[in-house]
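Report on one structure; see the data block that follows.
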Amino acid sequence: MDTIKDHNTTRNDPTDEPNHALIVPPLNFSMIMPGIYRSGFPSVKNHQFLLELGLKSIIYVSDSKCLDYHTTFCQDNNIEFTHYKVKLNNEPFKEMEQAAVCKIITKMLDTRNHPILVHCDRGVRRTGWITTKLHERIQHTTKSQDNAQSANLQSVIKRHSSTKCSESANNDRISSIIKTLDRIYTKLEDPKASYNSIIDLREKEQVVQDYASFLKQIDTKSENDTRSLQRKQSESVEGKTLFVKGNYSTKGEPTTCGSKALFGYDSPISATVVDLLENSGALILGKTNLDEFGMGSSTTFSAYGPTKHFLKTNDGLEAVNKLKKHVDVGEITSNETQNSVNLEEDRCSGGSSGGSAVVVGAGLCNAALGSDTGGSVRLPASWCGVVGFKPSYGQCSRYGLVEYASSLDTVGILGESVSTTRAVYKTMAKYDSKDMSCLPEKARSALERLYNSTKGSNSVASDHEKPNLKGIRVGIPQEYYIKELSESVVQAWKHTSKILEQMGAEVVKVSLPHTKYALSTYYTIAPAEASSNLARYDGIRYGYKHTDEIPDEASGTSSTSSSSYAAGRSFMNKYAYTRAMGLGPEVQRRIMLGTFVLSVGTLRCKNPTESAVDLLLVPTGCSTAPPLSAFSAGDHENKSASSDYILHSYVNDVMTVPSSLAGLPSISIPVGISKTDGFPIGLQLISQFGNDDSVLDVALKLEQALLNQNTHEQDLFGNYLPLVPKIFH
1 MDTIKDHNTT
11 RNDPTDEPNH
21 ALIVPPLNFS
31 MIMPGIYRSG
41 FPSVKNHQFL
51 LELGLKSIIY
61 VSDSKCLDYH
71 TTFCQDNNIE
81 FTHYKVKLNN
91 EPFKEMEQAA
101 VCKIITKMLD
111 TRNHPILVHC
121 DRGVRRTGWI
131 TTKLHERIQH
141 TTKSQDNAQS
151 ANLQSVIKRH
161 SSTKCSESAN
171 NDRISSIIKT
181 LDRIYTKLED
191 PKASYNSIID
201 LREKEQVVQD
211 YASFLKQIDT
221 KSENDTRSLQ
231 RKQSESVEGK
241 TLFVKGNYST
251 KGEPTTCGSK
261 ALFGYDSPIS
271 ATVVDLLENS
281 GALILGKTNL
291 DEFGMGSSTT
301 FSAYGPTKHF
311 LKTNDGLEAV
321 NKLKKHVDVG
331 EITSNETQNS
341 VNLEEDRCSG
351 GSSGGSAVVV
361 GAGLCNAALG
371 SDTGGSVRLP
381 ASWCGVVGFK
391 PSYGQCSRYG
401 LVEYASSLDT
411 VGILGESVST
421 TRAVYKTMAK
431 YDSKDMSCLP
441 EKARSALERL
451 YNSTKGSNSV
461 ASDHEKPNLK
471 GIRVGIPQEY
481 YIKELSESVV
491 QAWKHTSKIL
501 EQMGAEVVKV
511 SLPHTKYALS
521 TYYTIAPAEA
531 SSNLARYDGI
541 RYGYKHTDEI
551 PDEASGTSST
561 SSSSYAAGRS
571 FMNKYAYTRA
581 MGLGPEVQRR
591 IMLGTFVLSV
601 GTLRCKNPTE
611 SAVDLLLVPT
621 GCSTAPPLSA
631 FSAGDHENKS
641 ASSDYILHSY
651 VNDVMTVPSS
661 LAGLPSISIP
671 VGISKTDGFP
681 IGLQLISQFG
691 NDDSVLDVAL
701 KLEQALLNQN
711 THEQDLFGNY
721 LPLVPKIFH
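Numbering (the UniProt record's numbering), first residue to last: 1 to 729.
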């Protein structure tokens, strides 16, 4: 470890004030506990905030070189700057390097009278380890000192959040938000608590600052009656905690799409839907893991590693046992479950929005944004027991959402309930001129008039005592009864259709004969568009760039050839090798498939319509969440096993792809758990294009009916348990 003074300090006298020693990593500002902080190097956003805390000295612990604006900031503000170079590791828990960091910090503690910011170059997982060591070391710090540090932070927050009209009310709101965030961030101090679902966590204080700015902006505008109305409309998501999928752009923050190809890329803009949520008071906490560029249905194809389900097999069986205390469900008779399944086995979260589904299901937020191309929101929602909504194509702006298949990509929402999901959707469903596929206001008005005119006999009746669906016709497509459906899913489907009938809906059989072509059509269109969209990731303009010498076998030259070095460094070979190293195997497979499709002509599929019913009720997945090990064969040396695995992962989308091809609104809601393994089962409601409100209305009524049903009066099927009482694991 070398200690280097990067520049001469401009402080007049380092002894005229107490030592303000701060350890600064490349993260935003956050208070972990009174007197102990972590922070990114001061940016434009938090310059004033950190200065008001008494910043006088910065200790930067990193092997990388500091940017010029870092040193300029120190010089302009009379801040002493010291750079400690510590060799970094790929592994997050190398104790020797952690101890080196702690040694640097503890040297400053003997003269400590002011906050300490903790270095954490490898992210949140290291912070907990370092913080624990620091906390053990500074037990001599008095309680009064800790209280002073906490009060100092609170006073700064209040100054940044003061408003003209309602300072007291806003401070109460901020206090409530801080309590909520404390609960979430305290839980996330345990590295295992996120199940590898989070790839970028914003700092708590930055979230609070953004919310305080929102309150100040709204109160200024509320002097105008029109602005007051806008505030009332935005209160539905105000204070709600959300994560966004890793393929949404957020200004000044990493946007990697789960790919090595975009490591080091910070987006210059924020997605429109992210801006709409933040401007309505939602709290964006960070970004979630995903299959690389959204290509997959398991969240295992990620440069950050796979996302695990928040339940293990034994957790599911425990849920069944809890339900047995409330309803007579008999004994679990599945020998397969009892004898051949590893009770500690990890389960798959689904994908490609598996990270978003897990953070909602694990109670880390109220909702999360996903993206749905062929079922990437609805399948993980089903497997994780949460609500997953794919709006009609074009209802929400995709500006700032990194493209996979442009004719199919849709902004999606995963929520803790239908009401929360609806609130998020209503906030985002607005025309955006920056997205050419976004429905203009005239089209939205025309669709609203169309469906309002047909609500005479087909309206969702309002009944406070019992949800009423009188006048609604629900279709059960016979083509969805496939052999791959598990018995639990079939019984859940039948049971839910009976509940809809009891609510007054007319349930009828329908035929959709072209359903069998949906999966093959999807895997023709989507890879073809991906092949074109992903051509931009070449390492020239942004993202990962392979800088090492290209091996002879990769450049196609012989090591004995006099021109081998020149050939290896040629532009085309370097371009190809950068893409080969930057893009994962599943993305490469789909690009190659798409390139072949484009060479023989692109298929076009007309949107099918079914005017005989208002809604379709179909399963979301063929089964409950499978073991995570079922998705690891893709890396197996056995080519046959790898091929079977790839085909199996593609078939997961068979229930969700048809509505994606047609651009129809569809929502997956949890309807119960499997009696065999105790894992959630989700069913989809699908409606006509643009009829999103009706889908959400019926889903809300069905959710209420499922939660209020009397299980003793229901016909409980052999392998299925209704969602009563509701067990949100």
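All residues carry an ideal CB built from backbone N, CA and C; glycine is no exception.
Please read all numbers here as calculations on a predicted model, not as lab measurements.
According to DSSP, residue pairing for Tyr-248 in a beta bridge involves Leu-401. Listed in chain order, the non-local C-beta contacts of Val-273 below 7 Å within the same chain comprise Leu-369, Cys-396, Ser-397, Val-411 and Met-428, local neighbours out to five positions each way being set aside. Gly-504 and Leu-215 have their alpha carbons spaced roughly 44 Å apart. Look at Phe-243 here: in three-state DSSP terms it is strand.
In the three-state reduction of the DSSP assignment, Arg-422 falls in the helix class. Annotation: Leu-439 to Glu-205 spans about 37 Å, alpha carbon to alpha carbon. The beta carbon of Ser-382 lies closer than 6 Å to those of Thr-620, Gly-621, Ser-668 and Gly-682 in the same chain, with the five residues before and after it left out.
For Ser-497, the closest alpha carbon among the candidates Glu-479, Leu-706, Arg-378 and Ser-176 is that of Leu-706. The stretch 356–372 makes contact with the stretch 243–250; the number of CB pairs closer than 8 Å reaches 3 or more. Annotated three-state conformation of Ala-367 is strand, per DSSP. Contact annotation, Val-695 with Pro-665: C-beta distance approximately 5 Å; criterion of less than 8 Å satisfied. Under the three-state reduction of DSSP output, Cys-396 falls in the coil class, being neither helix nor strand. Around Ser-511, the same chain offers Pro-477, Gln-478 and Glu-479 as residues with beta carbons nearer than 8 Å, after the five sequence neighbours per side are excluded. Here Gly-286 has Ile-198, Asp-200, Leu-201, Arg-202 and Phe-243 as same chain residues with Cβ atoms under 7 Å from its own Cβ, once five neighbours each way along the sequence are excluded.
Residue state for Lys-308 is assigned as strand, using DSSP reduced to three classes. Beta-bridge partners of Lys-287 (DSSP): Asp-200 and Val-244. Here DSSP, grouped into helix, strand and coil, assigns Lys-187 to helix. The residues Gly-663, Leu-664, Pro-665, Phe-689, Gly-690 and Asp-692, in chain order, have a CB closer than 7 Å to that of Ser-392 in the same chain once the five nearest residues on each side in sequence are set aside.
Contact between the stretch 346–360 and the stretch 291–298 is present: 3 or more CB-CB pairs across the two stretches fall below 8 Å. Between Arg-422 and Tyr-431, the C-beta gap is not smaller than 8 Å, which leaves the two residues out of contact. According to DSSP, Asp-372 shares a beta bridge with Thr-410. With a cutoff of 8 Å on beta-carbon distance, Gly-672 and Gly-316 are scored as not near each other.
In the DSSP assignment, the residues bridged to Gln-684 are Val-618 and Ser-668. Beta-carbon to beta-carbon, Glu-484 and Val-237 are separated by about 38 Å, too far to satisfy the 8 Å threshold. When rounded, the separation of the alpha-carbon atoms in Val-208 and Pro-254 is 20 Å. The criterion of a C-beta distance shorter than 8 Å is not satisfied by Thr-656 and Gly-363. In the structure shown, the three-state DSSP call for Cys-348 is strand. With a 10 Å radius around the Cβ and a threshold of 16 neighbouring Cβ atoms, Glu-703 comes out buried. In chain order, Ser-486 and Val-489 place their CB closer than 7 Å to the CB of Ser-623, counting only its own chain and leaving out the 5 sequence neighbours on each side. In the displayed model, Lys-675 falls within coil according to three-state DSSP, outside both helix and strand. Taken in chain order, the unbroken stretches of alpha helix (DSSP H) that lie wholly in the stretch 472–538 and span 4 residues or more are 487–502 and 518–533. For Lys-390, the enclosing beta strand (DSSP E) begins and ends at 387–390. Note on Lys-516: under 16 other CB atoms within 10 angstroms of its CB, so exposed under the neighbour-count rule.
In this structure, the beta-carbon distance from Gly-239 to Gly-281 falls below 8 Å.
Judged by beta-carbon spacing, Leu-401 lies beyond the 8 Å limit of Ala-530, meaning their Cβ atoms are not closer than that value.
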